[in-house]
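In the UniProt record's numbering, the protein residues as written are 1 to 282.
Glycine included, each C-beta is placed from N, C-alpha and C at the ideal position.
Structure first, commentary second.
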C-alpha cells in the first residue's frame with residue numbers, strides 16, 4: 001500500500017455501508033418492468049434528474065447546420081473532448097483502454113468519425129486490468145427529434161447493447177447531451193434497482209474537461225477489499241468511523257465509487273511532501 005497518514009483516520013461516526021441484493025425474483029421483475037415501459041408521449045414538460053433542458057448539442061442534432069459552420073465545428077470538438085475524458089475515466093478506474101483513444105488528436109478524431117460524428121459510433125468498451133471478464137461500455141446518446149430529450153426507446157436500445165457487449169458485468173456509462181424524458185428516467189431507475197445492471201449517467205458538459213486534472217483536485221485511489229481490511233486492522237477502526245465522501249461527489253462519480261468503497265486521497269503538503277487520508281463512500 002502507499003504511505004499512510006501520520007495518525008489513524010479521523011472519526012466521523014454514523015456512516016452506513018450499502019450492499020447489492022442478488023435476489024433473482026427482484027432482478028427479473030425489475031428487468032421485465034423496464035422492458036414493458038410505455039413509449040414516451042409528446043408531453044415533455046416534466047423535469048428530470050439530469051437538468052431537463054436540451055443543450056446546444058441537442059439543438060444542433062435536431063436542425064443540422066450547414067457543413068463547415070461554427071456550430072458544427074463546436075459540436076465536433078465537444079464530442080472529441082468528451083470522448084477523450086471518458087477514455088481517461090475508464091483508464092483511471094482500472095480498465096484497459098486502447099491507447100489511440102487516449103492519444104487521439106482532433107484531426108485524427110475527424111478522420112475516424114467524420115466532420116460531423118454520429119454519437120452512436122463513439123461507443124467504447126473496456127476490460128478490467130486484473131479481471132478481463134469485468135467489462136464496461138460507454139454509450140453516447142442522441143436526443144429524440146420531437147422532444148429534444150432522451151426517450152425510453154433509446155435507453156432500451158442501450159440495454160440491449162449492454163447485454164451484447166458486456167454480458168458478464170452489464171456495467172455501462174451513458175453520456176447524454178440533454179435530459180431524460182420521465183419514462184426514460186423511470187427505466188434507468190428500474191434497471192438499476194434490480195442490481196442486474198449498473199447504468200451511470202453523465203452529461204456531456206460534465207466531461208468536456210477532466211476534473212481530476214485540475215491542480216486543486218488531489219489524487220484519488222480506490223482501495224481493493226484486501227487493502228481496505230488491512231487499513232481497518234492497522235488503525236483498529238470500523239469503516240463507519242472513517243471520514244466520508246458522498247457517492248454523488250463529482251470525483252466519486254468519475255471514479256465510479258460505490259457505497260462502502262474506501263478511497264485513498266493523496267494531497268501535496270508543503271511540510272510533509274504529501275498527506276494521505278482515507279474516506280468511505282456513503
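In this structure, how does DSSP classify residue 222 when only helix, strand and coil are distinguished? In the structure shown, residue 222 adopts extended strand secondary structure according to DSSP, grouped into three states.
From residue 43 to residue 237, what distance separates their C-alpha atoms? Its pLDDT being 39, under 50, residue 43 is placed unreliably by the model, and the measurement read from it follows with that caveat. Each residue's alpha carbon lies about 52 angstroms from the other.
Alpha helix (DSSP H) runs contained entirely in the UniProt domain "RNA polymerase Rpb5 N-terminal" (74-161), provided each spans 4 or more residues: 99-103, 106-113
Tell me the DSSP bridge mates of residue 275? 267
Proximity of residue 262 and residue 223 at Cβ, strictly below 9 angstroms: yes
On the three-state DSSP scale, how would you describe residue 198? strand
Going by alpha carbons, who is nearest to residue 127 out of 219, 153, 203, 171? Of 219, 153, 203, 171, the residue nearest in Cα terms is 171.
Secondary structure at residue 247, three-state DSSP: helix, strand or coil? Three-state DSSP puts residue 247 in coil, outside helix and strand.
Assign residue 257 to one of three DSSP states: helix, strand, or coil. coil
Under 6 angstroms Cβ to Cβ from residue 131, same chain only, skipping five residues before and after it: list those, please. Cβ within range, chain order: n/a, list empty.
Cβ-Cβ distance between residue 211 and residue 180 below 9 angstroms: The answer is no: Cβ separation not under 9 angstroms.
Distance check for residue 75 and residue 246, CA to CA, integer angstroms please. The alpha-carbon separation between residue 246 and residue 75 amounts to approximately 32 angstroms.
Between the Cα of residue 96 and the Cα atoms of 77, 125, 207, 143, which residue gives the shortest distance? 125
Check residue 231 in the structure and name its three-state DSSP category. helix
Under 6 angstroms Cβ to Cβ from residue 206, same chain only, skipping five residues before and after it: list those, please. none
Can you check DSSP and say which residues form a bridge with residue 207? Per DSSP, none; premise fails for residue 207.
Contact check, residue 134 vs residue 168, beta carbons under 9 angstroms: Yes.
So what's residue 168 in DSSP terms, helix, strand or just coil? coil
Thinking C-alpha only, which one of 243, 175, 152, 196 is nearest residue 80? Answer by Cα proximity: 175.
From the beta carbon of residue 257, is the nearest beta carbon of chain D less than 9 angstroms away? This model lacks chain D altogether, as it is built from one protein chain only.
Skipping 5 residues on each side, what residues in its chain have a beta carbon closer than 6 angstroms to that of residue 92? Result list for residue 92: empty, nothing under 6 angstroms.
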